[in-house]
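A.B. asks: Got a structure for you, written out below as structure tokens; questions coming shortly.
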């Protein structure tokens, strides 16, 4: 129990991406509800698929980025000794995996609320909570695992809840997702981004010996590369861009000015 404060610090960082996915979930509720009210099945499918795609677009790179830069980010935000930094970094890497599923849970909660199934996310999160408690009580008794048990159990909770929510939504709405665009492309782009950010940090750190500058440089390179890969891999369609804030600018970058404007006129 010596490192409860470290766990709290890591949790604060891990929850940062949740601000975006919570906003996404809230925006999905009225959209899906309106489609449900008019019995617009295609509308429900379109909004749901887009919501899940955006959740993965946000969650996967955040997960990979926090994993790759766990130590630099914690060292940047908190002034702690090397021993505690090593423990916090390990906690961060374990917890980072859960970011993907936390993003999924929050988004699916919004969608399920929109289709009138508000109780499903509650039930599934309760099941995930039971798994968390059982794992935590089991793992934290092991002196070799100790505080890592909290991170592992929390991640397991989100995985269970996210998978159960997804299974129910797919069965209830007959939703079909484009696996390549929704999952595979973000994973590939995020892995490239994470690798580039990791080596950028090492290079800048070796030259300047400044964690602040090296971390900032790594994040900037990673963000820019991920955005470039998103456009190059055509992760989003013209219709997708029409639903995204700032989507017109991104559409111009991906398709060119004329193509983007032509699509806007048709819409």
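Residue numbers (this note's numbering): 25 to 291. All C-beta atoms, glycine included, are put in the ideal place defined by N, C-alpha and C.
Measure the CB-CB distance between residue 111 and residue 163 and report whether it falls below 7 Å.
C.D. replies: No. Outside cutoff.
A.B. asks: For residue 224, is the classification buried or exposed, using 16 other Cβ atoms within 10 angstroms of its Cβ as the cut-off for buried?
C.D. replies: Result: buried.
A.B. asks: Just to check my reading of the structure: residue 85 and residue 214 have Cβ atoms closer than 8 Å, yes? What is that Cβ distance to the nearest angstrom?
C.D. replies: Confirmed, about 4 Å.
A.B. asks: Are residue 35 and residue 79 closer than 7 Å when you measure CB to CB?
C.D. replies: Going by C-beta atoms, residue 35 is not nearer than 7 Å to residue 79.
A.B. asks: What do you reckon, are the CB atoms on residue 123 and residue 87 nearer than 7 Å?
C.D. replies: Cβ distance < 7 Å, so residue 123 and residue 87 count as in contact.
A.B. asks: Just list the alpha helix (DSSP H) runs in the segment 164-218, keeping only unbroken ones of 4 residues or longer that don't cross its boundaries, in chain order.
C.D. replies: Entirely contained in the segment 164-218, the alpha helix (DSSP H) runs reaching 4 residues are, in chain order, 172-197.
A.B. asks: Counting beta carbon pairs with one atom in the segment 147-161 and one in the segment 176-195, are three or more of them shorter than 8 Å?
C.D. replies: Cβ pair count under 8 Å is three or more, so yes.
A.B. asks: Quick one: what does DSSP say residue 224 is sitting in, helix, strand or coil?
C.D. replies: Looking at residue 224 - three-state DSSP - the assignment turns out to be helix.
A.B. asks: By how many angstroms is the C-alpha of residue 244 removed from the C-alpha of residue 290?
C.D. replies: Low per-residue confidence applies at residue 290: pLDDT is 46, beneath 50, and the placement is therefore not dependable enough to give any value.
A.B. asks: Residue 273 and residue 255 - do their beta-carbons sit closer together than 7 Å?
C.D. replies: Contact flag unset, no.
A.B. asks: By the 10 Å Cβ neighbour count, where 16 or more other Cβ atoms means buried, how is residue 90 classified, buried or exposed?
C.D. replies: Flag for residue 90 reads buried.
A.B. asks: At 4 residues or longer, what runs of the alpha helix (DSSP H) sit wholly inside the segment 89-173?
C.D. replies: Taking only runs of at least 4 residues, the alpha helix (DSSP H) segments lying wholly in the segment 89-173 are 94-101, 106-138, 143-163.
A.B. asks: By alpha-carbon positions, which one of 246, 115, 208 ends up nearest to residue 222?
C.D. replies: Considering only alpha carbons, the answer is 246.
A.B. asks: Assuming residue 197 and residue 139 are in contact, meaning their beta carbons sit under 8 Å apart, how far apart are those beta carbons, in whole angstroms?
C.D. replies: Correct: roughly 7 Å between the Cβ atoms.
A.B. asks: Taking three-plus beta-carbon pairs below 8 Å as touching, is the segment 188-206 in contact with the segment 63-71?
C.D. replies: A contact exists between the segment 188-206 and the segment 63-71.
A.B. asks: Within its chain, find whatever has a CB closer than 6 Å to the CB of residue 210; leave out the 5 residues flanking it on each side and keep chain order.
C.D. replies: Answer for residue 210: 80, 81, 84, listed in chain order.
A.B. asks: Pick out whichever of 60, 56, 92, 93 has its Cα sitting closest to the Cα of residue 76.
C.D. replies: If we check each option's Cα against that of residue 76, 56 comes out closest.
A.B. asks: Say whether chain C places a C-beta atom closer than 7 Å to the C-beta of residue 51.
C.D. replies: The structure shown contains no chain C; it holds only a single protein chain.
A.B. asks: Quick one: what does DSSP say residue 65 is sitting in, helix, strand or coil?
C.D. replies: Note: residue 65 maps to helix in three-state DSSP.
A.B. asks: Reducing DSSP to helix, strand and coil, say where residue 35 ends up.
C.D. replies: Residue state, collapsed to three classes: helix.
A.B. asks: Excluding the 5 residues preceding and the 5 following residue 293 in the sequence, name in chain order all residues of the same chain whose CB lies nearer than 8 Å to its CB.
C.D. replies: Absent from the model: residue 293. The displayed extent of the chain is 25 to 291, so no value can be given.
A.B. asks: Compare the Cα-Cα distances from residue 74 to each of 149, 53, 93, 94 and report the closest residue.
C.D. replies: If we check each option's Cα against that of residue 74, 53 comes out closest.
A.B. asks: Which residues bound the alpha helix (DSSP H) around residue 258?
C.D. replies: Where residue 258 is concerned, there is no enclosing alpha helix (DSSP H), given that its DSSP letter is neither H nor E.
A.B. asks: So which of 126, 104, 107, 100 has the shortest CA-CA distance to residue 40?
C.D. replies: Taking only the C-alpha atoms, the option nearest residue 40 is 126.
A.B. asks: Would residue 192 pass as a contact of residue 147 if the rule is Cβ separation under 7 Å?
C.D. replies: Going by C-beta atoms, residue 192 is not nearer than 7 Å to residue 147.
A.B. asks: Helix or strand or just coil, what does DSSP make of residue 230?
C.D. replies: Correct three-state label for residue 230: helix.
A.B. asks: Could you tell me if residue 226 is buried or exposed, where buried requires 16 or more neighbouring beta carbons within 10 angstroms of its beta carbon?
C.D. replies: With fewer than 16 Cβ atoms within 10 Å of its Cβ, residue 226 is classed as exposed.
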